[in-house]
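The sequence shown begins at 743 in our numbering and counts up one residue at a time. Just so you know, even glycine gets a beta-carbon here, dropped at the ideal spot from N, CA and C. Treat the numbers as computed from the prediction; the structure is a model and nothing was measured. Everything on this sheet refers to the single structure shown next.
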Amino acid sequence: MADSGDEVQRRSQEGLVATVPAGPLSAIQKAQEVYDVAQLPERDASEKIFQHVQSYADDNGGEYIAFSGVSKRVFENFCIRRELERSNGRVTYFGADSGILLVKMPARAHEVAQATAIDDLRDQAVAMGLKRKIYRVGVSQYDSIDNNGAAKQPDDGLAPSDYRFADGDFPTFVMEAANTRSLQCIRAAKD
């Protein structure tokens, strides 16, 4: 591990270098590791990200994995691999300009909380007369409308059935659930 005063670096089993905030800040809030894949060849980067997410998924439900230096092509290849393998995790990619990819590993408590909340919201909509006119959209991925490569997978959402809901259109209502100790963390996660 190298220590640069404000940060600590460590290497994962997959060979990715993680930067962890150190010093007084890490004592106050949980350290967030950020794995930089910018130095890896594109053909290897998406595979390394996938392997790391898979190895992390079993033991770390409810946490985030952060990657930097992720190009649009690396993100697209990672998504293809995730679909083929039916991988866990919800992705948020902030686009090629930032190169930031967050993968949220939902825990059982997270899944129960969001499913209960979205079911209650749908039940309320049905009670208001929207029976058979609103449906759950699940964890589908939605891409940025400005074509910068950004993408988001919400925990769930609702959309009206009489609206011509084309593939990739944003739902009317999006659900994001979080298990956190502070309102500040929830606000940061939604942004």
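Going by C-alpha positions, residue 902 is about 27 Å away from residue 846. Between residue 796 and residue 827, the CB-CB gap stays under 9 Å. The C-beta of residue 783 has fewer than 16 other C-beta atoms within 10 Å across all chains shown, which makes the residue exposed. Within the stretch 773-828, the complete beta strand (DSSP E) segments at least 3 residues long are 776-778, 805-810, listed from N- to C-terminus. DSSP, reduced to helix, strand and coil, places residue 876 within a strand of the structure shown.
With a 10 Å radius around the Cβ and a threshold of 16 neighbouring Cβ atoms, residue 825 comes out exposed. In the DSSP annotation of this structure, residue 854 is not part of any beta strand (DSSP E); the continuous alpha helix (DSSP H) holding it starts and ends at 850-867.
Spatial neighbours of residue 823 in its own chain (CB-CB distance under 6 Å, excluding positions within 5 residues in sequence) are listed in chain order as 792.
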